[in-house]
Amino acid sequence: HIHAFQNSLRFALEVLDYFPNSVIGISGVVTMPNVVETVVDLARNVPLDRMVLETDAPYLSPAPNNIPRIARAVAKLRGCTTEEVLIATNQACHRVYNIPM
Numbered sequence: 074h075i076h077a078f079q080n081s082l083r084f085a086l087e088v089l090d091y092f093p094n095s096v097i098g099i100s101g102v103v104t105m106p107n108v109v110e111t112v113v114d115l116a117r118n119v120p121l122d123r124m125v126l127e128t129d130a131p132y133l134s135p136a137p138n139n140i141p142r143i144a145r146a147v148a149k150l151r152g153c154t155t156e157e158v159l160i161a162t163n164q165a166c167h168r169v170y171n172i173p174m
């Protein structure tokens, strides 16, 4: 799990290729009005099955219960539904941390 990743998409894809069981963490920064373009690029392009959502509250999101808000922001950027984002990222979290479904 690459925590609260905010580097380039190119680097993220290299990490995912080099570490096939890894995931990229998209934080609450994606919901902020002045979100940096690298985070937007990551939210749009990191495969959903290789993404987890995280708040890192109170630093990168105002509250730990903001996962649905983060999922809505990612869905809007990707042009898919919030449900699709939540299902895929939840499955990725369970897979990476070996949590039974």
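Sequential numbering from 74 applies to the sequence shown in the working numbering. Note that beta-carbon positions come from the ideal geometry of N, C-alpha and C, so glycine has one too. Note that the coordinates shown come from a computational prediction; the quantities given were computed from them, not determined experimentally.
Distance from isoleucine 140 to leucine 126 at the Cβ level is roughly 5 Å; contact confirmed, criterion being Cβ atoms closer than 8 Å.
The Cβ atoms of valine 109 and isoleucine 143 do not sit closer than 8 Å to each other.
With distances taken between CA atoms, alanine 116 lies nearest to Ala146 out of Ala146, Ser134 and Thr155. Aspartate 129 and asparagine 118 have their C-alpha atoms some 21 Å from each other.
A residue is called buried when at least 16 other Cβ atoms come within 10 angstroms of its Cβ; methionine 174 does not meet this threshold and is exposed.
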